[in-house]
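Heads up, the sequence shown is in the numbering used here, so the first residue is 1068 and it goes up one at a time.
From the three backbone atoms N, C-alpha and C, an ideal C-beta is built for every residue, glycine too.
No experiment lies behind these values; they were computed from the predicted model shown.
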Amino acid sequence: VVVVGYGIQKKTRVVGSVSQVSGEVLRKAPSMNVTNVLAGRIPGLSVTQTTGNPTGSDAIMRIRGVSTYSESGSSPLIIIDGVQRSQFSNLDVEEITSTRAVKFINYQGKPTASNRGTSEAIKAIGRSLAAGLDNEKERASYYNKYSVEHITSTEEPDKYAADIISIDRKARVDHIKNIRRIIAGYLEEMYGYTARDAELLSIYITYYNAVYRQNYSYFEQKYKSPVVARITEKNAGLAIRYDQWPGKTKIIIPLTERAQKGRLSAIDLRSLNEPKVKRELTDKGLQAGMLELREAAVEERKELLAQQEEGSRKKELELERRRLELKEAKEQAEALTKTGQAAKEKEGEPTSTDGKVAKPGKEPSQQDKENTGSKTKEEEETAEKLKEQEAAIAKEEQNLALQQKEQQLEKESIAAEERAIAEENETKAKDKTSTKSKERMEKS
């Protein structure tokens, strides 16, 4: 939608010239002044810097020269978020987005071989890709036309793992619906999503990848290093034109640490539901479906967390019991050692193995020496075993502490997602109330 001087129109129906510079281009430009960044990037716009300070004053902008019938000359009218501004040189470029809408361009000619198959036959491609993956294989291919890489890592816990579906050079897919069918089939087979949920996710995934097409810096910031290593700026994401798909596409599916078959929380729904993606999805039914899926995923995460916390409590009790047993064993070993030493030192008299006092000046027998050596060796072996047990318990306690920390982070993440869902439900309710009010006013 573009706001013009004579109303609000869809971009495709605007009469006149509409130029744009994407937010990504602005962010990469070597200047903090938005006005200077626009220079040379918009046809008909001339920018003149009046001082030597590139950030201290606003440059003069002229649209299509200085000749105009307008009283204000050729200076542009600047509207930011519906509010008129006199300048925008001090506007943060991170806040600027593009007016470009994602509109997929499909092949319009006669049906090709790739599009003659039934929906289920095309979904079978995705299922085949998923079936080709197992615990040992991270990559699977379908007749060198499509391939998938399942990339996970315990490193960089604050970044996403991913599945990357590649549309290879030999592929002849030329309609977005068929790409979505392949993705849906993959999600059903790989993670056990229902057909309805897989279809919903496939739509979001295609828009997500179109919004961030070739935005390498975004993927570098959000995803784990092994994921980023498998993409380039040219092939990251999904182009909007069908003829740019084969050999130039890496569809990235964001995964959570819980990405296991049968879990609704396998896909990171927060990424797919980012504001930039939501703006492209005007279908209220899709947004409602995503909200339901997020709610169900949160409930699943809460159940899983409860199981993990119960397991941690049991482990804590077990380690406490083992600590007590170890303490008792150490005390017994120390008592036996002290008893043996006391017996040897009693009145300075050497003792024989039968408990009788040896005659003065008589050397201990060979049997006495062997028994004494045997006891010393047993004591050393016991002490070594106790040390090993203590080290093992300490390691398990350390692992338990890490697990409990992860559980706390998951609890906080769930709480944040619940707040976000509650806010969306509240906004949805307000919009519904507002719509009803407008309808009543129109009727009256």
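Query: Considering Cα atoms alone, identify which of Leu1348, Ser1504 and Val1104 is closest to Ile1270.; Result: Leu1348
Query: Please state whether DSSP places Thr1406 in a helix, a strand or coil.; Result: helix
Query: In three-state terms, what does DSSP make of Leu1322?; Result: strand
Query: With Val1104 as the anchor, note down where its beta strand (DSSP E) starts and where it stops.; Result: Careful: Val1104 lies outside any beta strand (DSSP E), inside the alpha helix (DSSP H) at Val1101 to Leu1105.
Query: Around the C-beta of Lys1195, are 16 or more other C-beta atoms found within 10 angstroms, so that it is buried, or is it exposed?; Result: Looking at the sequence provided, one finds Ser at residue 1195 rather than Lys. Buried.
Query: If distances are taken between C-alpha atoms only, which option among Glu1457, Val1240, Leu1267 and Ala1229 comes closest to Glu1287?; Result: Ala1229
Query: With distances taken Cα to Cα, identify the nearest neighbour of Thr1404 among Thr1443, Leu1391, Pro1321 and Glu1205.; Result: Thr1443
Query: So what does DSSP say about Glu1216, is it helix, strand or coil?; Result: strand
Query: Taking Ala1229 as part of the beta strand (DSSP E), name the residues at either end of that continuous run.; Result: Ala1228 to Ile1234
Query: My assumption, with CB atoms under 8 angstroms, is that Leu1372 sits in contact with Ile1481. Please give the rounded CB distance.; Result: 7 angstroms
Query: Classify Asp1264 as buried or exposed, calling it buried when 16 or more other Cβ atoms lie within 10 Å of its own Cβ.; Result: buried
Query: In three-state DSSP terms, what is Tyr1174?; Result: coil
Query: Counting only the same chain and skipping the five closest in sequence on each side, list residues whose C-beta sits under 6 angstroms from that of Leu1331.; Result: Ala1363, Ala1364 and Glu1367
Query: I need the DSSP call for Val1344, collapsed to helix, strand or coil.; Result: helix
Query: In the DSSP output, which residue or residues are listed as bridge partners for Lys1244?; Result: Beta-bridge pairing links Lys1244 to no other residue.
Query: Output yes or no for whether 8 angstroms exceeds the beta carbon distance between Val1169 and Ile1307.; Result: yes
Query: Decide if Ala1459 is buried, meaning its Cβ has at least 16 other Cβ atoms within 10 Å, or exposed.; Result: exposed
Query: Give a yes or no on whether the C-beta atoms belonging to Tyr1285 and Ile1172 are separated by under 8 angstroms.; Result: no
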